[in-house]
Each structure stands twice: as structure tokens, then as C-alpha cells.
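Comments concern the structure below.
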């Protein structure tokens, strides 16, 4: 037996196979690597379209060329040169639109009045057509909506413990509003100004002044003054608005509960004509007195959606009006506490371009994680098609497999990420360009390793590539969306527990999003503040989460690597026999092996409840072999049993029942049986595809749970091949795993191809995916025979072969058994007779008979076949003669005077048959006659029939 291939040669073999396989899939690999380039191209095109639109006069901030000797603006001065800067507060001299304000800087916002949020005319509260509830009385009539120009009054509600006091404050508020009217075209003070325009999410600029909608002045009674105008100067731009008078009604309610009900019902149930009935505001003066002012203000916040579009609420002016009225009513009529304006801090300019404002961490997280489903599908593909166990059974160790597969995934990941980073930096993606490249390198390297390890871990869960692919993409997009709409809020919330945040980052997708969030956050700061972005010194910032993210990913990478490797070795993940706890308790396992023969001898029974002498002798022989080192018998199994779970919760379906068998070197053992009898299950257990429920299987004296790959060859029932590799490349790969190299490797491969008719016409250099079913079968046989193995398992090796190819394959198998043992299963009786030294027939998981073809025919062949050819007119006389030999004879053939009969062996003797035929030939002319023994097929049918018609017996051993 040749020595097993070293770690280096196994890794070399797998690497060569992987590179060849990936070379054939160059289109897929090129598409994968070029995906970042395609993404960057799409980003450039989209951003070019955005920039083109933003450069239009509708959005562009107006600037003019100013001489540096006289200008004052932003930026450094360089003598003799001119530069551009935004001179105006909102926008330039030439363009004055509200959309420009989003891009222009506002270093010194002007003072502007605080406005009220006035309901639109069609949504102002009015009385219903049939009003029955007294608590809703006093509202404007619904007829105001039906006018040609609807202009219903704006309603406010008020209540309190002291109605007189509350009414006095409201009356004062009315008088104050009336005093604001001036002659001609403007107002002295705009304290009662309002607008229907909804506010923005910021208050850098009051949007009520930037639009074309008219402003409203709220008065107790309008006197036809609707042609007034109001001007607001913002920078060099002046906005003029028409002033529309709107009547303001204040209606008393008995308590705040009624106000709550009316507001709620009005908004959700509405009026008969419109769904929404809005009020301007409501006041509860509660327990206010002349010296104690206590008021609660209701306001409309329905236009501000906290989740989708939060907006500034126009509340201060409502509170200011009622507060000012209270002071003037009880203290001094000349006293004024007016709220002149509300503004936010200065606003910086927004530089539109390829920025993080349009490309956030979510997109980057999706792109980087796109490799995860690819790796997961690749690993599950090898498991689903049993390619991993095939490689393992032919000599590939777990170490070389992990090193090469992991290394290849890491190489592809690094190439993918490096390509993406370079292209992103080239086109100006700030997340790459403005942060430290060394920090990025460390972050992406750690995450890519974590992602690969997570793919190995997830592969142990799936057994189908379609399910794995779907689950992989769901994870990628799901983790990205949860990161953007859930995890990001927890990052920004400084009150959220850091420990809980770290626990959430144990999900690899969240840890990736957390790191990308930090990179994008520092990139934004670098863009505005001209700092260096995220660098090594930034990791010490108080609120920087990159250090914690790196620590979590590194820790998780190491832990998951051990867990994934352990599950690969232990769990039933399609990689063959699990090694269970013996990984950690090898010493104890060795001791148990040494005690194995003694334990068998103690458990051996003195009586077998069966009448199958050959099977009993075989079990005795197996027990004797287990007591001493096994050298001459490559295969030994003892009391091997496999039970599958049935459809019910407590039902079990035994496939193999307490089977004991040994096969010596140089013997070809044939295993026959009907479909579902347990043949393939036995082969799978003997080769590691399935774990036995109980029993012992030894390959060349070594338990199958140990490394037996150098001793075993297997031709499974299904052809386990790579369709993108040629037949020669398959044999080269498996030959290298058998420790062949150089000229000997080429010689062995050529010999295998020649013996199995895959050499001529360069058939061996064609892709295996283009092979016919018979050619694939011959390739599977060639794979099982290459190398100096001690035992070869062949599960129906000639399925799908034509007669000529089958005969050639028989000769190859017969020649190869000289230096090894062969166990094959077949349904072809001719094949079993030609190849097998011994034959066993298994039915319902039990070995029913055992012996050579001749012994089985002698023992179980219960009839002779007698053929007589005579004149058709004498057919009845010939039948009478046979009936005289045995009343239980059966005629099975009768054509043109040629008849064939089956005679039970227990009723006749061969000498009597020949004597009767000789006597018959003296009376009747017999053209020919023949006597044959029962065929192996007859034996098979008889054994199966008797077993299935007999009730199963419980065998006590």
C-alpha cells in the first residue's frame, strides 16, 4: 500500500483542481469581480444626472465674480486673482428660488416673524349638516364651504376653571389683533400672521416666505381688506406676499375632555363634505388667576411625520399670542411680550456631487456582502452533490481542504474589495477617499475573514443550493435594511446600552454596518471640516465605535472559525461519519479500541436462532477475526445496523439488521437483493456516507471513524463528478490525492482511460458534463480504481452500459481484484456469476444466504430445467412422460414441439430423468433434449419470495 499524500501534495491537488474549475467558469468569476466596477459606473452616471440637474438655474446658488481687492467672502485671498463666492444669504443676485436654499450657505439668517399654522380653507372645522351633539355647537356653518370662493373662519377652542377669566383673555387677544391693522398696504406688527404652507424639517429659512402662497392675518372680523401686501427681505432677495384676512373664532368648551374628543373626531371622522376638520389651536386656562398664569395649548402636528418626514412645528406664536394677551389684560395695556422671530444656527453650503448624502452605508453593506451567498452556495453545492465526501474518501484531508478553500475565498474577497476601493477612490467616493487607508484595510480584512467563516458555519445548516442561495440573499438584504432602519438608530442613541449594541454586532451584517457608519460619519466631517477623516487617533474618540466593532469582529471570527470547523467534523452535514466527542478524548477512545475483542467475546451468544449455516459460520469467523490484528481481510463488519426514522413520531424503519461479514484480499464479493433491501445503505455505511446506528466496520483493521481514505476506493450509485472538468482532470486530481506524481501519475491516468475506453478520440479530454450516462459511469469506475487501494466498493457499476462496454468493464474489474478486495452490488445475475467469488443475498436488511454461485444453486436451486424437442403431434406424450417423473412439474415453454419443464429437485434424480428420456426416445422420435440446473436468477427469486412470504422472526444473538 502506498503512503498517503502529504499535506502539501493534497493542498496542491485541490488547488490545481480549483484553479482549473474556476478557469472554466471565468465568465462567472469575471462578472463577480467586475460587479464593483459596474456599480461605480452606475453611481457615476446617476450622479452625473443629479449634478446636471442641480447645476440648472432652478437649484444653482447664484454667484458673481468679485475682485479680491474689494471683495469679502469665503476662501483664501490670492493677489491678482479672482474667485467665486456666494454673496447673498439665500442665493445669488440672479436666482431666487426656495430650492436653491438647500445648497446655498446661510451664515447670517435674517430676522423674520414667527407664523401660525393656518388650516387650508377646505379643511377648516365647520358644523355638520345635522348637528345633534351640543358639545360641538358654535362652529361655523357648513354653507361657507359651498361658496364660489370658500373662505370659512378659522376656529380655536378654549376652556378653564374660571370662564370669566378665560373669556377676558380671549377678548383681549381679539382687541390686540384688531390694533395690528394699519392703513394702506402693510402691518405694524405681524404677530397674527399665518400661512398654509407646511414648514420644512429645518428652520434655516421660513418656507412660508419663500413660496407664492398668500399670508393670512387672523382678525375677529374681516372688513373687506384683502389687498394688503407684506414684504420680507432675505439677503438681497425680497419676497412679497399678498395679505389675506381670515376670521378667527374662539369657542368655549366646558372641559378639556370635550376638546380632546372634538379634535380627535374632527380629524378622523371629519365633516359631511370633507374627511378632515382642523382647528387652529385650543387653550385650557386650567386654574389660572389674575396673578397665576397656567395654560395648556393644543396644536396641530399631523403634518409632521416623525418617521418619514419630521418637520418644524409652528407652536411658539400660538403660545406667544395668548401669553401677551394675558399680560396686557391683567397688568398693563401698553406692555408687550412679542416673539419677533425664530431661527436656527448658521447653515453651511452643501456641496453636491458624489457624496455620502446620496450613497450611504446601506449600499456599501449590500455590495460587500454580495460574496456571502456565492461562498455559501459553493460550499453547499459540494455537500449536496457529495463531492466533499468523495474527495475525503479518496485521500483529501480536512486541513488541506480548509486551507485551500478558505484561502481561495479570501483571495477572491480581497481582490473584490481592493478593486471596489480603488474604483471608489478614483471616482471620488468619500468613504474610501477621505478615511485612512490603513484603517480601512484592517476593517475590511477582518470583516472578509468573518464573512468567509460565517459562510462555512452556515453551510453546515443547508443541504440544498437553492435554499442556501435564497437564504443567503435574504440575509444580505435583510441585515442591510435592519442596519439602516433599526441598528443605526441605536448607534446614534447615546443613551442606548453599549453592551446591547455589542451584542447586536455579533450579527456579522450589523458589525459591517456599524463600521461603515463610522467611516461614512468621519467622511462627512472631513468633507465639511477639512480634517483627515477616520484615522488611528480617531479610534480613541469618546463616541467612536470603530474600535469596539473591530474587537467584536475579531473575537467572533476566531470563535466562529473553531465552531465551523467543529461542526464540519462533528455534525451530520453531509461530510460523512461524524467524529463526535472523540476529537477531544482521543486517548480514551484508543483504550476502548483495545478492549474491543474482549468485549465481543463476552457478549457472544452460545446459541443462534437461525438455520442459515453459512451466515452463522460467517459471524463466527468475524468474531474470531476481531480478536486478533486483521491483515488479510480488508473489510470486516460486525452486527452492523442502520435504522431510519419513519413518518410517525415513534416509528422506525430498519434498513440493515445486525449484519456480519468479512471479505478477504483478492475476493470479489457480490451483494444481491431487491430494491430497498439495504444494499446501498450497507455500502454507504462502509464508506462513511452514513453513520451506522450500531455495529462495527473495519477497513484494513481500522475503524471507519479514523482516516481510511488511502485504503478505500468507491464507485457510488450516482456519478459524483464535476461537469466543468474533463475525465483526465478528474483522474489527475484523484491520482494526486493517492500520492501519485510525475510520470507515474500520467501513466496511471492513461492506463485508466485506456482500460475503460475513454482514451481514444480524446474522450478523456472532453468535459465530463458532455459525457453520456455510460461514459460517466465508466469515469466513476476509473476514479474508484486509481491508486493502490485495499478495498473498492462498487454500487451497480455497469448501470447504463451497453453489452460490449459491460464485458470490457467486467474484465477490468476481474483483473483489478488481484491486489485488493472488491464489494459490488448489482441486479445483473450474469455479472454476479462472472465476477463474484462469493455472493450474498440481502432482503429486508438481513443477509439471507451466503456462498459461491455454485453453492447457492446447489442449496437453493430447487428445480431442474428439462427441454424436449419432438414432433408437435407427440407433445402430449412428452408431457405425460415428464408428469410420470414428477406430479409437481411445471411446463413453462411450448413452441412448435419444443417444450420446457421445471422439475423439483426433491422429487427426482438426474439418473431417473436420463433413464426416462432414453426410454421415451425408443418410442417417440426426439430431435433433441437438454437438462440444466437452476440459474442464479432462480435462486434469487426463490430466496426473495420465501423471505417475503415468511413472517419475520426475532433473532436472539
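Residue numbers (the UniProt record's numbering): 1 to 957.
Where a beta carbon is used, it is the ideal one built from N, C-alpha and C, also for glycine.
Please read all numbers here as calculations on a predicted model, not as lab measurements.
Can you tell me whether residue i is buried or exposed, with buried defined as 16 or more other CB within 10 angstroms of its CB?
| i | result |
| --- | --- |
| residue 491 | buried |
| residue 399 | exposed |
| residue 680 | buried |
| residue 464 | exposed |
| residue 383 | buried |
| residue 5 | buried |
| residue 334 | exposed |
| residue 157 | buried |
| residue 870 | buried |
| residue 555 | exposed |
| residue 223 | exposed |
| residue 549 | buried |
| residue 760 | exposed |
| residue 784 | buried |
| residue 915 | exposed |
| residue 329 | buried |
Which same chain residues end up closer than 7 Å to residue i when comparing Cβ atoms and leaving out the 5 residues on each side of it in sequence?
| i | result |
| --- | --- |
| residue 423 | 36, 37 and 40 |
| residue 748 | 735, 740 and 786 |
| residue 789 | 711, 712, 713 and 820 |
| residue 20 | 725 and 729 |
| residue 327 | 335 and 337 |
| residue 888 | 904 and 907 |
| residue 964 | No answer is possible for residue 964: it lies beyond the span of the chain, which begins at 1 and ends at 957. |
| residue 768 | 721, 722, 723, 725, 726, 727, 730, 776 and 779 |
Using the three-state DSSP reduction, which class does residue i fall into: helix, strand or coil?
| i | result |
| --- | --- |
| residue 116 | strand |
| residue 765 | helix |
| residue 789 | coil |
| residue 924 | coil |
| residue 171 | helix |
| residue 151 | coil |
| residue 691 | coil |
| residue 144 | helix |
| residue 260 | helix |
| residue 231 | strand |
| residue 126 | coil |
| residue 240 | strand |
| residue 449 | helix |
| residue 796 | coil |
| residue 342 | coil |
Do residue i and residue j have their C-beta atoms closer together than 7 Å?
| i | j | result |
| --- | --- | --- |
| residue 924 | residue 874 | yes |
| residue 195 | residue 115 | yes |
| residue 720 | residue 404 | no |
| residue 452 | residue 420 | no |
| residue 683 | residue 843 | no |
| residue 121 | residue 151 | yes |
| residue 323 | residue 297 | no |
| residue 325 | residue 125 | no |
| residue 660 | residue 619 | yes |
| residue 837 | residue 716 | no |
| residue 534 | residue 543 | no |
Can you find the residues in the same chain that come closer than 6 Å, C-beta to C-beta, to residue i, ignoring five residues on each side of it along the sequence?
| i | result |
| --- | --- |
| residue 614 | 850 and 851 |
| residue 654 | 643 and 845 |
| residue 362 | 480 and 484 |
Quick one: residues in its chain with C-beta nearer than 8 Å to the C-beta of residue i, no 5 flanking neighbours on either side, listed in chain order?
| i | result |
| --- | --- |
| residue 447 | 368, 508, 511, 512, 515 and 553 |
| residue 863 | 902, 903, 904, 905, 934 and 938 |
| residue 427 | 40, 43, 44 and 354 |
| residue 25 | 724 |
| residue 381 | 387 and 465 |
**Request:** Please list the segments of the alpha helix (DSSP H) lying wholly inside the region 298 to 337, counting only runs of 4 or more residues, in order along the chain.
**Result:** If you keep only unbroken alpha helix (DSSP H) runs of at least 4 residues inside the region 298 to 337, you get 316 to 330.
**Item:** Length at least 4, wholly inside the region 832 to 916: the alpha helix (DSSP H) runs in chain order
**Value:** Runs of the alpha helix (DSSP H) spanning 4 or more residues and lying entirely within the region 832 to 916 occur at 853 to 860 and 875 to 885, in chain order.
**Request:** Identify every run of the beta strand (DSSP E) within the region 703 to 775, keeping only runs that are complete inside it and at least 3 residues long; order them along the chain.
**Result:** List check, beta strand (DSSP E) in window: 712 to 715.
**Prompt:** Can you list the alpha helix (DSSP H) stretches of 4 or more residues lying completely in the region 193 to 226, in chain order?
**Reply:** Counting whole runs of 4 or more residues, the region 193 to 226 contains the alpha helix (DSSP H) stretches 207 to 210.
**Prompt:** Which residue spans inside the region 619 to 651 form an unbroken beta strand (DSSP E) run of at least 3?
**Reply:** For the region 619 to 651, whole beta strand (DSSP E) runs of length 3 or above, ordered along the chain, are 635 to 645.
**Prompt:** Taking the runs of the alpha helix (DSSP H) that are 4 residues or longer, which of them lie wholly in the region 367 to 423?
**Reply:** List check, alpha helix (DSSP H) in window: 371 to 384 and 387 to 393.
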